[in-house]
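Worksheet: one structure, shown below.
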């Protein structure tokens with residue numbers, strides 16, 4: 001490591017999201033309520049692009065916090081506003097929050113976007129994009145995908161699909177195109193200007209069914225256009241497939257990540273591209289480690305790939321042997337520092353690490 | 001309603017200068033008497049004129065309690081007791097009593113001798129002040145006077161730091177001072193029992209911080225020291241005499257041993273020798289591990305760390321030196337700094353907060369050209385690092401302490417109000433208690449609900465238990481009795497017993513009411529009518545017709561007479577005692593309605 005910082009949150013989080021001004025948001029996911037949404041200021045050491053020689057503070061500061069009765073499974077900052085949206089069980093509604101860091105440090109709940117027949121549905125996946133009018137893309141199944149204007153709660157797009165397949169993620173590719181990832185692996189691309197046209201589907205590679213999939217894309221602000229960066233999909237058995245959306249019929253690459261088997265479930269699967277390193281992605285959710293891979297050497301064979309780096313910190317730092325070893329719940333790349341990753345685990349730990357290229 | 005009043009005179013909402021005034025059940029206690037290290041004028045002392053405009057402080061205050069020896073908690077004590085004037089008792093723990101005067105004298109020397117200040121306390125004042133100190137042991141209940149008692153609890157943080165419980169009757173306040181909920185290398189963690197105080201006053205300086213793990217911090221520190229020493233450089237670590245210095249010493253000693261390093265480590269003499277002496281003396285105040293290993297090897301007897309001599313600073317080759325004072329504002333550490341600053345191979349690691357105006361603060365802010373005495377410019381080429389090892393409680397620690405003590409109210413000092421709203425709500429939501437955050441000079445009033453124990457006489461208890469159904473434990477039950485307050489005891493007894501005990505005669509109250517009834521018949525016929533009527537209506541009561549012509553309903557008497565002027569009207573006299581008020585009024589209204597037409 002070049003740098004390693006370990007922190008302990010009061011409650012574990014399953015999301016790490018960047019917010020305005022280099023802030024980091026985390027939130028609790030306890031079923032029984034009393035969850036906190038925290039917006040943290042990273043220590044100065046971790047904010048700057050270059051590692052400064054002299055940085056007095058090494059601690060995260062809680063800038064503001066809010067209270068949520070329901071577990072927070074997903075959180076996204078609304079770009080260009082001081083709003084946050086979150087979602088979590090028991091239904092597919094989306095909660096809206098106001099962060100007013102000036103006069104008070106409390107994140108206030110300002111409303112809910114309720115969808116039709118939302119009760120009993122799995123929790124909504126959400127995505128946001130910088131736009132003239134703040135909108136959020138949300139939905140829990142293929143047929144419940146919609147875009148809602150946050151301030152007026154006005155629906156501006158509804159997917160035309162009849163399929164009730166569960167989604168594992170969604171994203172804006174640009175302001176008029178959205179990408180949906182189904183839990184069973186299928187990707188769908190839809191044009192929001194033409195809601196009547198069904199989404200174009202990208203099949204999942206031929207693998208035994210029963211696996212859960214999730215996807216990783218670079219956020220719309222970072223990639224220039226739909227096709228420049230392939231979409232990565234990760235399965236609960238550790239299979240990673242890369243797809244170029246311009247040539248969706250064939251996978252660009254296929255590899256098997258080194259994961260323990262049997263795997264511990266697909267709850268926290270996470271795959272993400274490094275914003276500043278070409279072809280580099282990180283994978284987590286199988287155990288207490290985070291793997292970093294260089295995909296430039298991958299082909300379509302699907303054989304096992306060697307990780308460039310493995311962060312074992314969460315597994316090592318865990319409480320004594322009697323309890324279950326901690327599981328990495330989320331990870332995200334630092335937006336400016338190319339090799340810095342933030343990762344969180346089920347024991348409440350939050351690590352920030354800067355790995356050295358071997 | 002009984003109330004507890006709290007006024008921070010310093011550390012309401014800013015760091016530095018802790019001094020809190022508490023008024024509880026008529027007693028006035030001052031908690032800590034700190035000095036603000038950032039000011040050079042009177043603002044560094046708390047505003048004592050707030051306590052009492054005229055009149056002596058000694059008369060007003062029942063005692064002063066000092067939580068630990070850091071100057072921002074005890075620095076203004078000699079000024080307060082000798083220059084403003086206070087002769088009452090000052091309580092602190094034994095290590096604090098031993099170490100306080102040393103720090104005060106050191107600070108006095110620097111302020112007066114080096115800076116040439118005049119309005120400052122003298123050495124003699126420090127000595128006189130310490131004569132008023134009463135030292136206490138942990139968990140020892142100390143009676144300040146007949147009603148006020150205090151008890152100290154272990155607070156971690158630094159040697160001798162304590163949290164204090166102040167109790168008057170059944171109202172109590174716990175003041176935490178600075179504390180730490182996680183043990184470190186040489187001190188244990190704070191601990192308190194489930195004392196359920198009415199109010200817990202806690203510091204919240206680090207409440208909004210999520211701290212980097214100690215392991216990472218230490219790893220970084222050791223890495224830096226190691227790298228510097230490996231390339232032949234010298235490391236200067238300016239420290240306060242006591243506190244983190246010991247922690248870092250143990251850390252380096254262990255590291256040197258493990259890595260088999262040869263470079264010398266020095267600890268500057270004088271103040272710090274005494275410091276180690278005190279740590280050895282008060283070994284029971286250190287953590288478990290140290291106490292256990294103390295038998296085999298004195299943790300403060302270092303193998304690799306030796307006493308420093310001024311001349312060593314000029315020796316070639318790598319070395320690590322711990323020198324006082326901590327902010328590089330004067331003395332030995334500044335001397336060494338000047339010698340080593342010009343070489344980029346060297347490093348200075350600042351381990352704590354530096355007050356504005358000190359060299360430490362300047363270099364941490366990035367200044368690389370410093371003006372020294374005699375207009376000399378010093379160019380700083382050596383590496384400047386900052387490693388904070390201070391031990392304070394974070395949000396998690398505060399919640400832990402509240403969970404341990406179970407207070408009814410919480411008051412936070414030492415933070416910024418705006419940034420504590422979230423913590424305030426968090427505490428209120430989790431523990432369902434009120435959370436206050438007053439500013440300096442602002443008085444917060446907390447209302448308490450003291451429970452007053454009352455003895456109830458067995459006879460009364462039996463009597464109440466006999467009537468009615470078994471009372472619900474959760475619902476309040478109404479009962480009648482007489483409250484006797486004698487000396488300091490309260491007893492609830494039946495009225496009869498009270499009369500007897502007090503030697504009083506019982507007075508009986510009787511009411512009589514006249515009801516007019518139209519009835520031309522003879523009196524005894526009217527009486528019969530009334531009797532039959534009442535018997536029919538009041539089936540559950542004992543209605544009797546006595547031979548003398550009167551009617552009784554339970555103990556109420558009814559007699560009929562003819563109206564003196566009008567033969568057609570009969571006058572019923574209804575008479576009842578105070579105890580039968582309800583039945584009496586009922587009877588009266590019933591009779592006023594008139595008798596039914598039909599007669600028996």
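Chains as they are written, first to last, in full-length UniProt numbering: chain A, 1 to 358; chain B, 1 to 600. Heads up, the beta-carbon is just placed ideally off N, CA and C, and yes, glycines get one too.
Q) Does the distance from the C-beta atom of residue 163 (chain B) to that of residue 176 (chain B) stay below 8 angstroms? A) Closer than 8 angstroms, so yes.
Q) Quick one: is residue 447 (chain B) buried, meaning 16 or more other Cβ sit within 10 Å of its Cβ, or exposed? A) Burial call: exposed.
**Q.** residue 151 (chain B) to residue 141 (chain B) span [Cα, whole Å]
**A.** Those two C-alpha atoms are separated by around 5 angstroms.
Q | Local Cβ density within 10 Å of residue 342 (chain A), reported as buried at 16 or more and exposed below that | A | Around the CB of residue 342 (chain A), 16 or more other CB atoms lie within 10 Å, so the residue is classed as buried.
Q. How would you list, in chain order, the residues of chain B whose beta-carbon sits under 7 angstroms from the beta-carbon of residue 33 (chain A)?
A. Contact note: residue 33 (chain A) does not reach chain B at a C-beta cutoff of 7 angstroms; the least C-beta distance is about 10 angstroms.
Q.
Applying the 10 Å Cβ sphere with the 16-neighbour rule, what's the burial state of residue 495 (chain B)?
A. By the 10 Å Cβ count, residue 495 (chain B) comes out exposed.
Q) residue 123 (chain A) and residue 68 (chain A): beta carbons closer than 8 angstroms? A) No.
(Q) Could you pull the DSSP bridge partners for residue 8 (chain B) from this structure? (A) Bridge pairing for residue 8 (chain B): B:20 [DSSP].
Q: Take every Cβ of the stretch 136-147 of chain A, pair it with every Cβ of the stretch 157-169 of chain A, and state whether three or more of those distances are shorter than 8 angstroms.
A: The answer is yes - the stretch 157-169 of chain A touches the stretch 136-147 of chain A, with three or more Cβ pairs under 8 angstroms.
(Q) For a contact defined as C-beta to C-beta under 9 angstroms, what are the partners of residue 345 (chain B) on chain A? (A) Simply none; closest approach about 15 angstroms.
Q) Taking C-alpha atoms, which residue in B:500, B:102, B:24 lies nearest to residue 149 (chain B)? A) The candidate whose alpha carbon is nearest that of residue 149 (chain B) is B:24.
Q) Excluding sequence positions up to five away, which residues of its chain have a Cβ less than 7 angstroms from the Cβ of residue 498 (chain B)? A) Hits under 7 angstroms: 482, 484.
(Q) Let me check one thing: in DSSP terms, what residues is residue 486 (chain B) bridge-paired to? (A) Bridge partners of residue 486 (chain B) according to DSSP: B:489.
Q: Under 7 angstroms between beta-carbons, which chain A residues line up against residue 205 (chain B)? List them in chain order, please.
A: What residue 205 (chain B) touches in chain A: nothing, since even the nearest Cβ is about 12 angstroms away.
(Q) Does the stretch 220-234 of chain B come into contact with the stretch 316-323 of chain B, if we say contact requires no fewer than three beta-carbon pairs (one atom in each stretch) closer than 8 angstroms? (A) With the cut-off at 8 angstroms, the stretch 220-234 of chain B and the stretch 316-323 of chain B touch.
Q) For residue 475 (chain B), which three-state DSSP category applies? A) When secondary structure is reduced to three states using DSSP, residue 475 (chain B) falls in the coil class, being assigned neither helix nor strand.
Q. For a contact meaning CB atoms closer than 8 angstroms, what does residue 435 (chain B) contact in chain A?
A. Those within 8 angstroms of residue 435 (chain B) in chain A number zero; the least Cβ separation is about 13 angstroms.
**Q.** Top-ranked residue by Cα proximity to residue 248 (chain B), from B:475, B:221, B:231, B:232
**A.** Ranking B:475, B:221, B:231, B:232 by Cα distance to residue 248 (chain B) puts B:221 first.
Q: Tell me where the beta strand (DSSP E) around residue 227 (chain B) begins and ends.
A: Looking at the DSSP string, residue 227 (chain B) is not in any beta strand (DSSP E); the run it does join, the alpha helix (DSSP H), is 214-230.
Q. What's the gap between the Cα of residue 94 (chain B) and the Cα of residue 103 (chain B)?
A. When rounded, the distance between both Cα atoms is 15 angstroms.
Q. Residue 246 (chain B): which of B:324, B:543, B:466, B:131 sits nearest, CA to CA?
A. Minimum Cα distance to residue 246 (chain B) is reached at B:324.
Q | Nearest residue (CA-CA) to residue 345 (chain A), options A:284, A:170, A:294, A:298 | A | Distances from the alpha-carbon of residue 345 (chain A) to those of A:284, A:170, A:294, A:298 put A:284 closest.
Q.
I want to verify the contact list: residues of chain A whose CB lies under 9 angstroms from the CB of residue 395 (chain B), in sequence order.
A. At a beta-carbon threshold of 9 angstroms, the residues of chain A lying near residue 395 (chain B) are 10, 62, ordered along the chain.
Q | Where the alpha helix (DSSP H) containing residue 314 (chain A) begins and where it ends | A | Under the DSSP assignment, residue 314 (chain A) falls in the alpha helix (DSSP H) whose first and last residues are 313-316.
Q) Per DSSP, which one or two residues make a beta bridge with residue 330 (chain B)? A) In DSSP, residue 330 (chain B) forms no bridge with anything.
Q) Excluding five sequence neighbours on each side, which residues of the same chain lie with their C-beta closer than 8 angstroms to the C-beta of residue 545 (chain B)? A) Within the same chain, residue 545 (chain B) has close Cβ partners 527, 528, 531, 551.
(Q) Within a Cβ cutoff of 6 angstroms, which residues of the same chain sit near residue 248 (chain A), ignoring the five residues on either side of it in sequence? (A) So the list reads 202, once near-sequence residues are dropped.
Q. Which bits of chain A does residue 210 (chain B) rub up against, with CB to CB less than 8 angstroms?
A. From the beta-carbon of residue 210 (chain B), the residues of chain A found nearer than 8 angstroms are 7, 8, 9, 40, 59, 60, 61, 62, 350.
Q) residue 537 (chain B): buried (16+ other C-beta within 10 angstroms of its C-beta) or exposed? A) It counts as exposed.
Q.
Let me see if you follow: with CB-CB separation under 8 angstroms, is residue 367 (chain B) close to chain A or not?
A. No, no contact with chain A.
Q. Whose C-beta lies closer than 8 angstroms to the C-beta of residue 358 (chain B) among residues of the same chain, with five residues either side of it excluded?
A. Within the same chain, residue 358 (chain B) has close Cβ partners 327, 328, 329.
Q.
Suppose the cutoff is 6 angstroms on Cβ atoms and the five residues either side in sequence are ignored; what does the same chain contact list for residue 33 (chain A) look like?
A. Excluding positions up to five away in sequence, the list reads 69.
(Q) Would you say residue 268 (chain A) lies against chain B (beta-carbon separation less than 8 angstroms)? (A) Chain B, which has no Cβ nearer than 8 angstroms to the Cβ of residue 268 (chain A), makes this no.
Q | 6 angstroms Cβ shell around residue 109 (chain A) - same chain, five flanking residues per side excluded | A | Taking C-beta separations shorter than 6 angstroms and ignoring five residues to either side along the sequence, the partners of residue 109 (chain A) in its chain run 97, following chain order.
Q. How big is the Cα-Cα spacing for residue 133 (chain A) and residue 82 (chain A)?
A. Using only the alpha carbons, I get a separation of about 13 angstroms.
Q. How far does the beta strand (DSSP E) with residue 377 (chain B) in it reach, from first residue to last?
A. Where residue 377 (chain B) is concerned, the enclosing beta strand (DSSP E) stretches over 377-379.
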